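Reading through the structure tokens given below for one structure.
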Amino acid sequence: MKLSVEKRKVSGSAKVLKPRSIRTVKSAIAHCHEESQHPTHSKTLPRLKRVEGQLKGICAMIEDRRYCVDILIQMRAAMSALRAAEMEIFQSHVKSCVREAMNSKDPKAADQKVDELIGLLTKRSIIS
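Just so we're aligned: 65 in our numbering is position 65 of the sequence shown, and the numbers increase by one with no gaps anywhere.
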């Protein structure tokens, strides 16, 4: 599994910044269940690759000084596709990680998953 990091130009050189709130992959998996049982999200990955292509196309449109409305239409399409991918991963999380925590005999694990869901649902993107 590959995690990307943000790069910024600083005085002519690229400075690599660590992601702010992303736990390590092993740590995130350990909070859910065994790595071999963790959802692969294999159906979502092609959708995200299409979004990546859409974003590159939008950047090209901006560089080519295309009409603003055309750019905005493409941005809306990319955001819609990204929201659909977000919902797929959210549903997978509920059906696997959350269900497993609720069925476990560990009330702390169940409470943690409930808190995670509340945190996700109170952010705008999951429900709007």
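Backbone N, C-alpha and C fix where the C-beta goes; we use that ideal spot for every residue, glycine too.
This structure is a prediction, so every number in the text was calculated from the model and none was measured.
Which first and last residues belong to the alpha helix (DSSP H) in which residue i is found?
| i | result |
| --- | --- |
| Arg76 | 68-93 |
| Lys56 | 44-63 |
| Pro107 | 107-121 |
Return the CA-CA distance between residue i and residue j, expressed in angstroms with no decimal places.
| i | j | result |
| --- | --- | --- |
| Asn103 | Pro46 | 31 Å |
| Arg99 | Gln112 | 12 Å |
| Val114 | Arg66 | 45 Å |
| Lys105 | Thr40 | 25 Å |
| Ile22 | Glu116 | Low local confidence applies: a pLDDT of 44 at Ile22 is under 50, so the model's placement there is unreliable, and no value is given. |
| Phe90 | Leu120 | 9 Å |
| Asp64 | Cys97 | 44 Å |
Going by Cα to Cα distance, which pick from the options is closest to residue i?
| i | options | result |
| --- | --- | --- |
| Ala60 | Lys43, Ile71, Lys123 | Ile71 |
| Val51 | Gln74, His41, Met87, Ser42 | Gln74 |
Output yes or no for whether 8 Å exceeds the beta carbon distance between residue i and residue j.
| i | j | result |
| --- | --- | --- |
| Gln54 | Ala84 | no |
| Lys43 | Glu88 | yes |
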